[in-house]
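Asks: Next up is a structure, given as structure tokens.
Numbering (this note's numbering), first residue to last: 7 to 284.
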């Protein structure tokens, strides 16, 4: 019997006492020089990062944009298999969606990964092949952490809703298999809180805590649903040792541990507040 993604994630969070998602954005231009001559430099880099961080990682999140060539896809497959060998689930940050046969092809990425990010702009039929994979996680872009995220997401509809609020409401309706979450950036603190009130049971993937300087406390307080959710840092972890040469992985491990401890301070506080409210 296949365990659904959020059940597996809950087990992983409990086992390592962490909601840290480590973003494996293996930018070739930033990989240490001593790995550049390897057959697959990105895979060599990711393997060392995983070895150094897995005890602090609830999930790994490779961004597909860094792997979209022949060697990149080989590196990504090796990376996913290695993470699975460490019993860590993998969320592929691909932001895919389309219609018809195209989106069915995109959904085959879930043959490799445990979860994926998707773009809701084309509506439900563009996401249906992902949603139908009930054992896989589907994180719908809702309110993103980039500066221009509000250009469309903050627009007000005739109903009085913001676009991102409508996306959250739709995602809740689409959650027929209990496999849907939302992407809500840590730089959008007010939106984090309001979306959590709107959809109390959907787990969030919260990017933007690392290099983008998002609010870690808000990410934990509003990002978790019944203790389940992910707070992602990519560059802030994997390139923490960019100036340390061959010791880069140790610095990544230290950065992951620090973020785990930082987030856990707020996880404890959130739990205490919930107990006090009962």
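Cβ atoms here follow ideal geometry from the backbone N, Cα and C, with glycine treated the same way.
The beta strand (DSSP E) with residue 139 in it runs from where to where?
Replies: Residue 139 -> no beta strand (DSSP E), and no H or E assigned at all.
Asks: Okay, do the region 217-233 and the region 178-186 touch, 3+ Cβ pairs below 8 Å being the bar?
Replies: With a cut-off of 8 Å, the region 178-186 and the region 217-233 do not count as touching, because too few Cβ pairs lie within range.
Asks: Taking contact to mean 3 or more Cβ pairs, one atom from each stretch, closer than 8 Å, check whether the region 168-182 and the region 197-204 are in contact.
Replies: Result yes; three or more Cβ-Cβ pairs closer than 8 Å.
Asks: Please report the distance separating the alpha-carbon of residue 130 from that of residue 147.
Replies: Going by the C-alpha atoms only, they are around 13 Å apart.
Asks: Under 6 Å Cβ to Cβ from residue 31, same chain only, skipping five residues before and after it: list those, please.
Replies: These residues qualify, in order along the chain: 69, 72, 240.
Asks: Name the residue from 248, 251, 229 whose alpha carbon lies nearest to the alpha carbon of residue 272.
Replies: If we check each option's Cα against that of residue 272, 229 comes out closest.
Asks: Given a cut-off of 7 Å, decide if residue 100 and residue 122 are closer than it, judged by their beta-carbon atoms.
Replies: Yes, Cβ-Cβ distance for residue 122 and residue 100 is below 7 Å.
Asks: Per DSSP, what kind of secondary structure is residue 25 in: helix, strand or coil?
Replies: Of the three classes helix, strand and coil, the one that applies to residue 25 here is coil, per DSSP.
Asks: For the beta strand (DSSP E) that residue 187 lies in, which residues bound it at each end?
Replies: Looking at the DSSP string, the run of the beta strand (DSSP E) that includes residue 187 is 186-190.
Asks: Return helix, strand or coil for residue 123, following the three-state DSSP convention.
Replies: Strand, per DSSP.
Asks: Pick helix, strand or coil for residue 132, following the three-state DSSP scheme.
Replies: Here residue 132 sits in helix by DSSP.
Asks: If we count the other Cβ atoms within 10 Å of its Cβ and call it buried at 16 or more, is residue 40 buried or exposed?
Replies: When all chains shown are included, residue 40 counts as exposed.
Asks: For the alpha helix (DSSP H) holding residue 47, just list the boundary residues, first then last.
Replies: Where residue 47 is concerned, the enclosing alpha helix (DSSP H) stretches over 47-59.
Asks: Note the first and the last residue of the continuous alpha helix (DSSP H) segment covering residue 103.
Replies: It is not in any alpha helix (DSSP H) - residue 103 carries neither H nor E in the DSSP assignment.
Asks: Any idea what DSSP makes of residue 209, helix, strand or coil?
Replies: Three-state result, residue 209: coil.
Asks: Determine the DSSP secondary structure at residue 152, reduced to helix, strand or coil.
Replies: Residue 152: coil per DSSP, three-state reduction.
Asks: Do residue 66 and residue 26 have their beta-carbon atoms positioned less than 7 Å apart in this structure?
Replies: Cβ atoms of residue 26 and residue 66: not closer than 7 Å.
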